[in-house]
Every structure is written in C-alpha cells, then in structure tokens.
Amino acid sequence: MSANTFGQRFQLTSFGESHGVALGAIIEGCPAGVHFDFAFLNSELQRRRPGQSAIVTGRNEDDLPEVLSGVYEGKTLGTPIAIIVRNKDQRSDDYKEIATKSRPGHADDLWREKFGHTDHRGGGRSSGRETLSRVIGGAIARMVLKEIYPELKIFGFATSIGPITLDPQQILKIESDLIEKKIIVDQFSSRLPDQQKNIQAQDLLLKAKTEGHSYGGTAEIFISGAPVGLGQPVFHKLKSDLAAAFMSVGATAGVELGDGQDAAEAEGSQFHRQESQRHYGGIRGGISSGEPILFRVSFKPTSTVLDAAKKGRHDPCIVIRATPVLESMAALVILDHVLWARQDKV
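Written as structure tokens, this is what we have:
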C-alpha cells in the first residue's frame with residue numbers, strides 16, 4: 486500500500502491499524518527551533534478521542550502521545566518527528582463477522598478485493614482511528630503557524646447533524662463569536678454551537694446509538710488571519726489542496742467553498758457586487774485573498790448500523806469527532822503553502 490504521505494514541503498506520514506499495537510505519525514519538513522507544545526498536542530488528541538461523551542463511540546482509549554524523535558529540550562530539531570499512540574481498548578472479537586461480510590457503504594469489501602490480505606479488526610487502516618495521525622500532524626503544523634502567523638486561527642464546528650441544522654444567521658454569529666472568543670465549540674458535546682440544537686442533537690444521537698442507527702452531517706472550517714498569497718495559480722490552488730485534504734478523510738461526501746452550490750444559481754452582476762467577499766470563501770484564482778477562508782464538508786451516515794452497531798462500538802454521527810480532524814488537515818495545507826509561498830518571489 487502506498488500514498489500514506491501527505492504534503493509537499495511539510496509532510497505527514499500516517500501509519501498503524503485500528504487494532505494494532507499503535508498508530509502514529511512521522512513529520513518531515515518541520516523547521517528547527519519551534520517550541521514544541523506537548524500539552525497542546527495532547528489536548529488536540531483529546532478533542533478527537535473516542536469515549537469523550539455518551540454520543541460518540543464507547544471505545545475507551547487514553548490517546549496519550551509518545552514522542553520518539555525530532556524534539557529535544559522542548560524544541561524541534563528539524564529532523565523527522567516520530568510520534569506514536571498505543572491502542573489499549575481493542576475488542577477484535579466484535580469484528581469477526583466483517584472478516585467475510587462487508588458493512589454497507591464501508592470499504593471492507595473493496596480493501597479485500599484490492600489488497601487480498603487485510604486486517605479487518607476495527608476496520609484496520611480504513612478505520613476512523615487512522616485520523617489520529619492527522620491530528621498529530623495538524624497539531625505540530627499549528628505550532629509552527631503560531632510562530633509565523635500568530636493571528637491565524639482555524640476553527641471548526643458542526644452546522645448540521647442529521648435533520649438538525651443551523652440557519653445562515655446563526656452561522657454568521659458563530660463565526661463572529663469565534664473570532665472574538667465569545668464561544669468555545671468544544672463546550673457543546675455535538676459541536677453544534679447552539680444550546681437548543683445541541684440538546685436536540687444529543688437526544689437524536691442517544692436514540693440512534695440505542696436503536697443501532699446513524700446520521701450524517703456537515704461541518705464548517707473557518708480560517709481567519711490567513712495572509713494574502715497562499716496557493717499556486719494552476720495545479721496546487723489553495724482551494725484544490727484544501728478540498729483534497731478534506732475529501733481524504735473517511736466518510737466525506739462533499740465539499741463546498743464559500744457560497745458553494747448557491748453560487749451556481751446566482752446572477753453574476755449581483756454575486757460579484759456584494760459588499761462582503763464571504764461568498765468567495767476567501768480564495769480567488771486559487772490564491773488566498775486575506776478574507777476568512779470558508780469551507781463546508783458533508784459526511785455520510787456511519788456505515789456500521791443495526792445489529793453490527795449494537796454489538797460493536799461506533800459513532801452514531803462522524804461529524805463530532807471528524808471536526809478536529811478537518812481542522813488538522815486545514816493546518817497541514819495552510820502551513821505547506823506558507824512555506825511554499827516563501828519561494829514565490831525575492
């Protein structure tokens with residue numbers, strides 16, 4: 486199997502299986518002398534961790550990182566950074582049936598067809614647990630970005646879970662409150678930053694877990710403080726690299742930039758004359774404009790449903806734990822383009 490490395494100048498290599506000894510990440514291209522914030526790395530992993538609430542998978546992992554190389558006396562060395570997280574709460578017997586019988590909508594059968602010999606336990610490498618490696622890489626990318634562009638912030642929050650949806654005005658207010666530090670998304674267990682809809686989502690997902698059902702949803706990634714000029718004009722547009730990063734996360738079903746599908750239905754003279762440039766999503770010609778960058782990512786319902794969901798331990802909605810993963814993928818792409826942009830002119 487190839488293609489386990491992501492990025493051009495700042496590279497993440499992801500490794501490990503869901504029920505193996507450990508998963509981890511190798512980071513190459515990180516500059517030397519960056520303050521390594523171990524507490525921040527740990528906090529990011531905890532945001533993605535299973536078992537964090539009653540409405541996510543019940544798998545109980547500590548997800549504590551072990552730094553093997555690349556860091557000395559609290560700073561990066563510029564050499565490859567290797568970090569692992571050991572698996573502790575595998576229940577592989579729960580997955581005996583899917584060794585030969587595929588879950589609807591999952592990659593089980595396609596992996597068997599493509600590779601012949603696979604690790605079916607917990608989904609193996611096609612499990613959502615693989616995203617742990619991405620969060621490690623994204624946390625380190627954010628450490629570097631903090632030193633280069635301290636004003637750059639990457640936020641993620643759910644905009645819908647199943648039929649429960651934030652309206653456009655709510656989303657605008659949430660974006661403003663995030664910039665002004667008036668709201669903390671992680672205080673809402675569903676990551677829908679609205680008290681009433683958070684409660685509705687909790688009730689919906691608790692019932693789904695009991696009955697063996699699942700739901701899809703949508704998350705927004707909102708990046709403020711990004712400099713002008715990130716992205717290449719042809720094959721590595723910032724929007725295409727971000728879209729590819731988001732779509733590489735398991736269970737993603739679609740990506741929209743700015744107004745997305747609504748832009749396809751707009752009349753040009755009105756669309757391009759709006760006072761706000763929010764509808765462009767902060768990117769024009771594939772290059773960042775300095776405006777906030779806005780993406781929405783849609784997820785399909787979790788594949789493990791009905792009897793399999795009741796027996797195993799699975800998320801009734803992937804969006805909750807996928808949101809920090811999307812933030813991490815955004816950080817990896819933004820840093821990659823920050824380093825790339827330094828070569829664009831003297």
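Its first residue numbered 486, the sequence shown is counted upward by one per residue in this note's numbering. Beta carbons are placed, not taken as given, at the ideal position from N, Cα and C, and that holds for glycine.
For residue i and residue j, I'd like the C-alpha separation in whole angstroms.
{"i": "Asp594", "j": "Pro550", "result": "32 Å"}
{"i": "Phe642", "j": "Arg676", "result": "6 Å"}
{"i": "Pro801", "j": "Leu690", "result": "6 Å"}
{"i": "Trp596", "j": "Ile805", "result": "26 Å"}
{"i": "Gly518", "j": "Gly563", "result": "7 Å"}
{"i": "Gln681", "j": "Lys830", "result": "50 Å"}
{"i": "His630", "j": "Ser499", "result": "At residue 630 the sequence reads Leu, which differs from the His that was named. For Leu630 and Ser499, the distance between alpha carbons rounds to 21 Å."}
{"i": "Gly697", "j": "Phe673", "result": "23 Å"}
{"i": "Val552", "j": "Val570", "result": "9 Å"}
{"i": "Glu598", "j": "Gly559", "result": "45 Å"}
{"i": "Gly601", "j": "Thr787", "result": "24 Å"}
{"i": "Glu615", "j": "Asn489", "result": "11 Å"}
{"i": "Ser541", "j": "Lys694", "result": "A small correction: the amino acid at residue 541 is Val; Ser does not occupy that position in the sequence shown. Cα to Cα, the separation comes out at about 9 Å."}
{"i": "Pro648", "j": "Ile803", "result": "14 Å"}
{"i": "Leu723", "j": "Leu742", "result": "11 Å"}
{"i": "Leu727", "j": "Gly701", "result": "21 Å"}
{"i": "Asp692", "j": "Asn683", "result": "Asp is not the amino acid found at residue 692; the sequence shown has Lys there. Cα-Cα distance, rounded: 14 Å."}
{"i": "Ser487", "j": "Arg610", "result": "12 Å"}
{"i": "Gly505", "j": "Gly514", "result": "27 Å"}
{"i": "Ile772", "j": "Lys573", "result": "43 Å"}
{"i": "Ser761", "j": "Asp652", "result": "19 Å"}
{"i": "Gln654", "j": "Ser725", "result": "27 Å"}
{"i": "Gly753", "j": "Arg763", "result": "15 Å"}
{"i": "Pro565", "j": "Ser612", "result": "25 Å"}
{"i": "Asp604", "j": "Ser503", "result": "9 Å"}
Give the single residue among the options whose Cα lies nearest to the Cα of residue i.
{"i": "Ile706", "options": "Ile684, Ala730, His721", "result": "Ala730"}
{"i": "Gly735", "options": "Phe673, Ala704, His591, Val620", "result": "His591"}
{"i": "Gln746", "options": "Thr737, Ser733, Gly766, Arg758", "result": "Gly766"}
{"i": "Pro857", "options": "Leu663, Lys638, Asp744, Phe523", "result": "Because residue 857 is not part of the residues shown, which for the chain are 486 to 831, the question remains open."}
{"i": "Leu824", "options": "Tyr634, Glu665, Ser612, Ser528", "result": "Tyr634"}
{"i": "Leu657", "options": "Glu502, Pro777, Lys692, His520", "result": "Pro777"}
{"i": "Ser860", "options": "Ala738, Asp679, Val506", "result": "Only positions 486 to 831 of the chain appear in this structure, which leaves residue 860 out of reach."}
{"i": "Ser538", "options": "Lys785, Asp671, Ser754, Ser554", "result": "Asp671"}
{"i": "Pro589", "options": "Ser699, Ala567, Asp662", "result": "Ser699"}
CB-CB under 7 Å to residue i, same chain, minus the five flanking residues each way: which ones, in chain order?
{"i": "Gly622", "result": "Leu497, Ala510, Ile512, Ser813, Leu817"}
{"i": "Gly770", "result": "Pro718"}
{"i": "Ala832", "result": "The displayed coordinates of the chain run from 486 to 831. Any statement about residue 832 would go beyond what the structure contains."}
Is residue i helix, strand or coil by DSSP?
{"i": "Ile540", "result": "coil"}
{"i": "Ser499", "result": "strand"}
{"i": "Arg571", "result": "strand"}
{"i": "Arg614", "result": "helix"}
{"i": "Glu696", "result": "helix"}
{"i": "Arg627", "result": "helix"}
{"i": "Gly509", "result": "strand"}
Which same chain residues end up closer than 6 Å to residue i when comparing Cβ atoms and leaving out the 5 residues on each side of it in sequence?
{"i": "Glu660", "result": "Phe707"}
{"i": "Leu526", "result": "Pro550, Ala624"}
{"i": "Ala794", "result": "Below a pLDDT of 50, predicted positions are generally treated as unreliable, and Ala794, at 45, falls in that range; the measurement from the model is reported next regardless. Contacts found: Gly697."}
Between residue i and the rest of its own chain, which residues show a CB-CB distance below 8 Å, the 5 nearest in sequence each way excluded?
{"i": "Arg533", "result": "Asp548, Thr616, Leu617, Val620, Arg806, Pro809, Val810"}
Could you name each continuous alpha helix (DSSP H) segment of 4 residues or more that falls completely within the stretch 698-769, going from the start of the chain to the end? 723-732, 746-749, 753-756
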